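Note sheet for the following structure.
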Amino acid sequence: MTDTPTPLRADCTDRLKVRLHNPDPFPAGELYRSGVRTVELDQPVDLVAPSPADCRGMDIVRLATARGMRVIWEIRSMPPSIGADALSHLHPPRRIQGPDGAEKIAAWWEEFYLGRCCWRQGPGFLQIRDRRSRRLVKYTLTEPDLIAALRELDQGNHGVPAEAIGPLIEEGLVLAMGELFWLAPYRMVRWPFPSMTV
223 MTDTPTPLRA
233 DCTDRLKVRL
243 HNPDPFPAGE
253 LYRSGVRTVE
263 LDQPVDLVAP
273 SPADCRGMDI
283 VRLATARGMR
293 VIWEIRSMPP
303 SIGADALSHL
313 HPPRRIQGPD
323 GAEKIAAWWE
333 EFYLGRCCWR
343 QGPGFLQIRD
353 RRSRRLVKYT
363 LTEPDLIAAL
373 RELDQGNHGV
383 PAEAIGPLIE
393 EGLVLAMGEL
403 FWLAPYRMVR
413 WPFPSMTV
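Residues in the sequence shown are numbered from 223 upward in steps of one, following the working numbering.
Right under this line is the structure:
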């Protein structure tokens, strides 16, 4: 027998612990269909000096949130350039390290709801709905190259060139994490009730 760590480990029927240093894609839809309702990251996410594993952790939080899963995760450090609103559409973390972490989490829980920043595909376009600023802002993408770049980011390719996603960066829909880029909105999979609030 070997004790090689597996990328995903089921602690019970509906809970899964995820190892961030495994580069495999996170099969959120498959896990949800199998009954997983809680996902736990095996280490805190660093947003000041993020590694590919940290960006993968943020992808997992985004993909799990889109399915209405509970996410148990922690933030080691947050840079001033990433404000609280930028991540307020994600399931709040259990802990943010630092002196005002508890206050940040309490405020995050007050603002969070499913569908706060999401995208959906239409025929020949992709629409993003962003309520992180407490008002609805809609972006409709029709350029095939920009849509393709968003899909690359959505699939975990954090090395998309900045020039390919400039408009998304300008609007805060893609966040720079060191030299990597992370897509903020998630594709809606489970609609909140009532869906017209999205």
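Just so it is clear, CB atoms sit at the ideal spot from N, CA and C, and this is done for glycine as well.
Predicted, not measured: the structure shown is a model, and the values here were computed from it.
Where does Asp-268 fall in DSSP's three states?
On the sequence shown, residue 268 is found 46 positions in, with the first residue counted as 1. Note: Asp-268 maps to strand in three-state DSSP.
To test your reading of the DSSP string, which unbroken beta strand (DSSP E) runs of 3 or more residues are found completely within the segment 277–344?
Fully enclosed beta strand (DSSP E) runs of 3 or longer: 292–294, 296–299, 339–344.
State the Cα-Cα distance for the pair Ala-386 and Gly-378, rounded to the nearest angstrom.
For the purposes of this step, residue 386 is taken as the residue at position 164 of the sequence shown. For the purposes of this step, residue 378 is taken as the residue at position 156 of the sequence shown. Each residue's Cα considered, the two are about 15 Å apart.
Which one of Leu-368, Ala-308, Arg-356, Pro-315 has the shortest CA to CA distance from Asp-425?
The requested residue 425 does not occur in the structure, where the chain is confined to residues 223 to 420.
Out of Glu-296, Ser-256, Tyr-361, Pro-274, point me to the one whose CA is closest to Pro-247's CA.
Taking the first residue of the sequence shown as position 1, residue 247 is located at position 25. It is Pro-274.
At which residues does the beta strand (DSSP E) containing Arg-241 begin and terminate?
As a position in the sequence shown, residue 241 is number 19, starting the count at 1. Here Arg-241 belongs to no beta strand (DSSP E), and DSSP marks it neither H nor E.
Does DSSP put Arg-255 in a helix, in a strand, or in coil?
Residue numbering aside, residue 255 sits at position 33 when the sequence shown is read from its first letter. Arg-255: helix per DSSP, three-state reduction.
Tell me the residue span of the beta strand (DSSP E) that contains Leu-402.
Locating residue 402 in the sequence shown gives position 180, where the first residue counts as 1. Leu-402 -> beta strand (DSSP E) spans 402–405.
When burial is assigned at 16 or more other CB atoms within 10 Å of the CB, is Thr-287 buried or exposed?
The count along the sequence shown starts at 1 and reaches residue 287 at position 65. Classification for Thr-287: buried.
Under 9 Å between the Cβ atoms of Asp-352 and Pro-407?
Within the sequence shown, the letter at position 130 stands for residue 352. Within the sequence shown, the letter at position 185 stands for residue 407. At the C-beta level, Asp-352 and Pro-407 come within 9 Å of one another.
Examine chain B for any beta-carbon lying closer than 9 Å to the beta-carbon of Trp-404, and answer yes or no.
Reference to chain B is not applicable here, since this structure consists of a single protein chain.
From Gly-394, Ala-308, Arg-298, residue whose alpha carbon lies closest to that of Leu-269
One-based indexing of the sequence shown puts residue 269 at position 47. For the residues Gly-394, Ala-308, Arg-298, the minimum Cα distance to Leu-269 belongs to Arg-298.
Cβ pair Tyr-361, Ile-350 closer than 9 Å
On the sequence shown, position 139 is the one that residue 361 refers to. On the sequence shown, position 128 is the one that residue 350 refers to. Yes; because the gap between Cβ atoms is below 9 Å, this pair is in contact.
Nearest by alpha-carbon distance to Pro-266: which of Gly-257, Leu-363, Glu-392, Val-283 is it?
Residue numbering aside, residue 266 sits at position 44 when the sequence shown is read from its first letter. Residue Val-283 is the option with its Cα nearest to Pro-266.
Taking the alpha helix (DSSP H) that Ile-369 falls in, what are its first and last residues?
As a first step, residue 369 is located in the sequence shown; it is residue number 147 there, counting from the start. First-last of the alpha helix (DSSP H) with Ile-369: 366–376.
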